[in-house]
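Structure first, commentary second.
Residue numbers (our numbering): 1 to 143.
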């Protein structure tokens, strides 16, 4: 019997607030479910436009909205769907592999993405029909 994949979840980061501002941080191992190998950020997306619209076969990601807000719609390989509104810099959204994601950007949003793998185009699933077929195959393993 196969093991079920993990679920998306929010991870809360540490913050320190003083009269001179706010510092949000993470350090050490154990806070995130994987070691970070790659980071990139997305900005200057026109208000209301979507990014993502794909899944990863093996890559796990963390999303942190550093400015503004983004609406994240997710569909896991088991068919369960999740919606998150990210608008706090101390919230990291964990996206496990084989999770179809679509991110709608608000005005001026800046999204930081951290990953456990280097970029690999072959890891991307960009065809929703193929993802749906993989969902069916996955669910059959639990019948």
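Glycine included, every Cβ here is placed at the ideal spot set by N, Cα and C.
Does the separation of the CB atoms of residue i and residue j fall below 8 Å?
i: residue 53; j: residue 135; result: no
i: residue 89; j: residue 66; result: yes
i: residue 57; j: residue 97; result: yes
i: residue 70; j: residue 95; result: no
i: residue 131; j: residue 55; result: yes
i: residue 39; j: residue 113; result: yes
i: residue 68; j: residue 108; result: yes
Candidates the options: which alpha carbon is nearest residue i's?
i: residue 86; options: 99, 97 and 62; result: 62
i: residue 122; options: 64, 51, 59 and 82; result: 59
i: residue 36; options: 14, 26 and 115; result: 115
i: residue 25; options: 107, 13, 40 and 19; result: 13
i: residue 10; options: 82, 126, 128 and 139; result: 82
So residue i and residue j are in contact, right, with Cβ under 8 Å, and what is the actual spacing, rounded?
i: residue 33; j: residue 99; result: Actually they are not in contact, since the Cβ atoms of residue 33 and residue 99 sit about 13 Å apart, beyond 8 Å.
In three-state terms, what does DSSP make of residue i?
i: residue 124; result: strand
i: residue 100; result: strand
i: residue 2; result: Reliability fails at residue 2, whose pLDDT of 39 lies under 50, so the model's placement of it is uncertain and the value that follows must be treated cautiously. It is coil, neither helix nor strand.
i: residue 137; result: helix
i: residue 25; result: strand
i: residue 132; result: helix
i: residue 54; result: strand
i: residue 66; result: strand
i: residue 116; result: coil
i: residue 110; result: strand
i: residue 85; result: strand
Would you say residue i faces chain D, with C-beta separation under 8 Å as the test?
i: residue 106; result: Annotation note: the requested chain D is absent from the structure, which comprises a single protein chain.
At least 3 beta-carbon pairs within less than 8 Å: the region 96 to 108 vs the region 29 to 47: Contact holds: three or more Cβ-Cβ distances are below 8 Å.
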